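Engineer: What follows is a single structure, and I will ask about it in a moment.
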Amino acid sequence: MVNFILSLLFPPKCPYCSKNISRNLAECPVCKAQFPKYPQIKTIPSGEICIAPFFYDTSVRSAIINYKFKGRKFNAKSLALAVSKTVEDIYKDMDFEVVSCVPLSAERLRERGFNQSEIIAEKVAEHFKKPYQQLLRKTKNNSEQHSLSAKEREKNVIGVYSVIDEQKVSGKKILLIDDVATTGNTLSECCRTLRNSGAERILCATAAIAQ
C-alpha cells in the first residue's frame, strides 16, 4: 500500500526522456527500444579494455548528469542493468570474483552524499550474485577530471588511489565499475594500483564511454 501511494505521489521517471513510468520498470519501453545494439569498447592507457552499454551523449549524458549531480538515484537501476547485460555479453568467458568501483574522496563524498559508481557497482554485484567490496580509497581530493584537458587528466590522477586491504586484492579477479570513461586515466590509475597489490585480473566496465 505504501509503495502504491508513493508511486501515485512521486512516480519514477524514465532516466532518458523523463516520462513517468511504473516502479517495476527501469526505463520506458520507447527508450529501451532505442538502446544501442552493440557495446562501446575502449582500450584505456593501462592496457585494459573498458566496456560500456552506451556512448556518452544526448539522453544518456542527461541521465548520468541527473543521477550524479541532481541526486536522481533511480537512474542507477537502468544504468546498472545495462552494464550487467554488457558484462554478460563481452566478458562471458572471463570470470570475476568480486565487484568494486572507483572511489570518491572523503570531501567529494560529503558534498554529493553518495558515490554514483558504488551504487551501480552494488547493483551489478547483486545481478551476478557476487560480493561487492570497496577495494580502493582515494587519498587526495584532486581536481575533477571533466574540468581538465586530456594531458592534465593524465597527471591529475597519478598517486591518488591506494588499496584498503592488500589481502582482499592479491590473486583476485576483479570487475571494476565507474560511471563514465573519457580518457580512461582514472580507471587506468585504479587498475595500476590494484595490479601493484597483486590483482590477478581486472575487468573494467562503465555505464558510458565518451570520445
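In my numbering, the protein residues as written are 1 to 211. Where a beta carbon is used, it is the ideal one built from N, C-alpha and C, also for glycine. Just so you know, these numbers come straight off a predicted model, no measurement behind them.
Within a Cβ cutoff of 7 Å, which residues of the same chain sit near Ile164, ignoring the five residues on either side of it in sequence?
Structural biologist: Around Ile164: Gln134, Leu135, Leu136 and Arg137.
Engineer: In or out: Pro36 buried (at least 16 other Cβ within 10 Å) or exposed?
Structural biologist: By the neighbour-count rule (16 or more Cβ atoms within 10 Å), Pro36 is not buried but exposed.
Engineer: Helix, strand or coil, according to DSSP, for Thr182 in the structure here?
Structural biologist: The answer is coil: DSSP assigns Thr182 none of H, G, I, E or B.
Engineer: Taking the alpha-carbon of Phe54 as reference, which of Cys28, Gln40, Ser46 and Asp179 has the nearest alpha-carbon?
Structural biologist: Among Cys28, Gln40, Ser46 and Asp179, the Cα nearest to that of Phe54 belongs to Gln40.
Engineer: Going along the chain, which residues of its own chain have a beta-carbon closer than 8 Å to the beta-carbon of Glu48, five neighbours each way excluded?
Structural biologist: Here the set comprises Leu187, Ser188, Cys191, Ile202, Leu203 and Cys204.
Engineer: Could you tell me the alpha carbon to alpha carbon distance between Gly71 and Met94, rounded to whole angstroms?
Structural biologist: If you take the alpha carbons of Gly71 and Met94, they lie about 33 Å apart.
Engineer: Mind reading off the beta-carbon distance from Ser84 to His127? Whole number of angstroms is fine, and I expect it under 8 Å.
Structural biologist: Between His127 and Ser84 the Cβ distance is about 4 Å, and since that is below 8 Å, they are a contact.
Engineer: Give me the Cα-Cα distance between Phe114 and Arg108, rounded to the nearest whole angstrom.
Structural biologist: Those two C-alpha atoms are separated by around 9 Å.
Engineer: Between Pro11 and Gly171, what straight-line distance do the alpha-carbon atoms span, to the nearest angstrom?
Structural biologist: Approximately 45 Å between the Cα atoms of the pair.
Engineer: Which residues share a DSSP beta bridge with Ala125?
Structural biologist: Beta-bridge pairing links Ala125 to no other residue.
Engineer: So what does DSSP say about Thr86, is it helix, strand or coil?
Structural biologist: Helix.
Engineer: For Ser100, name the three-state secondary structure that DSSP assigns.
Structural biologist: DSSP places Ser100 in strand when its eight states are reduced to three.
Engineer: Given Ala125, which residues of its chain have a CB within under 7 Å of its CB, disregarding the five upstream and five downstream residues?
Structural biologist: If we look at Ala125 and ignore the five residues flanking it on each side, its Cβ neighbours are Val99, Pro131 and Tyr132.
Engineer: Counting along the chain, where does the beta strand (DSSP E) carrying Ile49 start and finish?
Structural biologist: Element bounds for Ile49: Ile49 to Ala52.
Engineer: On a CA-only basis, which of Pro15, Asn141 and Arg112 is nearest Ala80? Give me that one, please.
Structural biologist: For the residues Pro15, Asn141 and Arg112, the minimum Cα distance to Ala80 belongs to Pro15.
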